[in-house]
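Below you'll find the structure, written out as structure tokens, and then a few comments.
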Amino acid sequence: MYVIGIDGGGTKTTGIIATYKGEVVAKATVGGTNINSTGKKAVQAELVKLVTNLKESAPDDFKQVKRVFAGMAGAGNTSNQEALKIMLLSLFPSGVNITIDHDAITALYSGTIGRPGIVQIAGTGAITYGVNQIFERARVGGWGHLFGDQGSGYAIGRDALEEAFKARDGITKPTLLCELLTKHFGKDELPDIIPNIYQSENPKKLISSLTMLVMEAVQQDDITAKKIIQKNGAELGIAISTVVSQLFTQGDKAISVVLVGGLFSRYDILKESIEQTIKEKGVRVEMIFPKILPAGGAVVAALLEEKVDIDEFFLETFNRTN
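According to our numbering, the residues represented by the sequence shown are 198 to 519, in order.
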């Protein structure tokens, strides 16, 4: 039996054909397929390209595909899920079962390999998503940068700008962030950076990228930068603790939390504030990182849909053949 796992993101989409043992026989990557930001016609074009590439790479195996699981950005509501499913149904024979789900599921299973747990995604945005032993789900955050991405790269970058301008105006104490921001944008004075941000093609992404300056300031012992990290790390800790309390009965076993996203490349800096907050909430977790690609997590989800047990050799086989 063969399955296809698809991880659909805002900038790229990856599909994998794999056996029930985790052997990868074909892999393809195309452009973004977030239906909210890309649009239905563009998404459909990318999905056609993806499936065509997979079919051409392994035509005989493609004919034996039984299940497709697609974890898609923007598939958090029923109408988008239905639209995406219709697109994929047109690309496969009638006997193929297709499941469309939130891309947080594929991210979760990239770390837990199908076991219950929580995924904390923190990049430009942030979302906390969990699945327990009886497949109940809970979610905190991920509602967009205007009112729901606490603890994200965008939130940290926005806080850095706010605190830098407060310091510049004399409201708060001086901070190294003023110097780092002006240097980063190649300007002499802090107000000169404003056009760069407001006239940017993607202000949200630009502001999120300023997280690296906050991390640099922390390493230079800047008090303001430390407070920003403490605040946003605590937000992530609160979100994780909330999902734990909603889904799990705390026993002796720690709950696995998969850390996904660019923000966690500096988990060494975020670690203390996140874990201290979780400890104060009285829950026990084990922080882990992905073991396979998110598209591999989609393969795991497809196999679980087909009631296939994920054995101890799956991970080794997948990573060896990917």
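For each residue, glycine too, the CB sits at the ideal point set by N, CA and C.
Q | Contact set for Thr321: own chain, Cβ-Cβ below 7 Å, skip 5 residues either direction | A | Result list for Thr321: Ser349, Gly350, Tyr351, Lys401, Lys402 and Ser405, in chain order.
Q: Could you tell me if Phe445 is buried or exposed, where buried requires 16 or more neighbouring beta carbons within 10 angstroms of its beta carbon?
A: That one is buried.
Q. So Gly338 is in the beta strand (DSSP E); what residue range does that whole segment cover?
A. Segment Arg334 to Gly338, the beta strand (DSSP E) holding Gly338.
Q) Can the beta-carbon of Ser397 be found less than 8 Å from the beta-carbon of Gln427? A) Their beta carbons are not under 8 Å apart, which means Ser397 does not touch Gln427 by this criterion.
Q. Which residue's Cα is closest to the Cα of Pro140: Asp508, Val455, Ile295 and Pro290?
A. The first residue shown for the chain is 198 and the last is 519, placing residue 140 beyond what the model contains.
**Q.** Paired residues, beta bridge with Gln205 - DSSP
**A.** Note on identity: in this sequence residue 205 is Gly, with Gln being the wrong assignment. Note: Gly205 sits in a beta bridge opposite Thr210 and Met269.
**Q.** Separation of Ile283 from Lys468, as counted between CA atoms
**A.** Distance between Lys468 and Ile283, taken at the CA atoms: about 42 Å.
(Q) Output needed for Lys218: all residues of its chain with C-beta closer than 6 Å, excluding positions within five of it in sequence on either side, in chain order. (A) The beta carbon of Lys218 lies closer than 6 Å to those of Thr514 in the same chain, with the five residues before and after it left out.
Q: Identify, in the order they occur along the chain, each residue of the same chain with its Cβ nearer than 6 Å to the Cβ of Thr369, setting aside the five sequence neighbours on each side.
A: Within the same chain, Lys363 come within 6 Å of Thr369 by CB-CB distance, once the 5 residues on both sides are set aside.
Q: Kindly give me the distance between the Cβ atoms of Asp300 and Gly236, rounded to whole angstroms, as I take these residues to be in contact under 8 Å.
A: By a beta-carbon distance limit of 8 Å, Asp300 does not contact Gly236. Their separation comes to about 18 Å.
(Q) Using 8 Å for Cβ pairs, my map puts Glu360 next to Leu378. What's the rounded Cβ distance? (A) Incorrect: roughly 10 Å between the Cβ atoms, too far for contact.
Q) Can you round the beta-carbon distance between Gln483 and Ser453 to whole angstroms, since I take them to be within the 8 Å contact cut? A) One point to set straight first is that residue 483 is Glu, not Gln, in the sequence displayed. Yes, they are in contact, since the Cβ atoms of Glu483 and Ser453 sit about 5 Å apart, within 8 Å.
Q.
Need the endpoints of the alpha helix (DSSP H) that Met284 sits in, please.
A. That run of the alpha helix (DSSP H) goes Thr275 to Leu286.
Q. Mind checking Tyr306: buried by the 16 CB within 10 Å criterion, or exposed?
A. So Tyr306 ends up on the buried side.
Q) Pairing CB atoms from the segment 429-447 with CB atoms from the segment 339-348, are three or more of them under 8 Å? A) Counting Cβ pairs under 8 Å, three or more are found: they touch.
Q: Just grab the DSSP bridge partners of Glu483 for me.
A: Answer is Ser453, bridged to Glu483.
Q) Out of curiosity, what's the CA-to-CA distance linking Tyr464 and Ile485? A) Cα to Cα, the separation comes out at about 11 Å.
Q | Inter-stretch contact at 8 Å, needing at least 3 Cβ pairs: the segment 406-414 / the segment 329-346 | A | Contact between the segment 406-414 and the segment 329-346 is not established, with fewer than three Cβ pairs separated by less than 8 Å.
Q) The alpha helix (DSSP H) spanning Tyr464 covers which residue range? A) From DSSP, the alpha helix (DSSP H) with Tyr464 extends over Tyr464 to Glu477.
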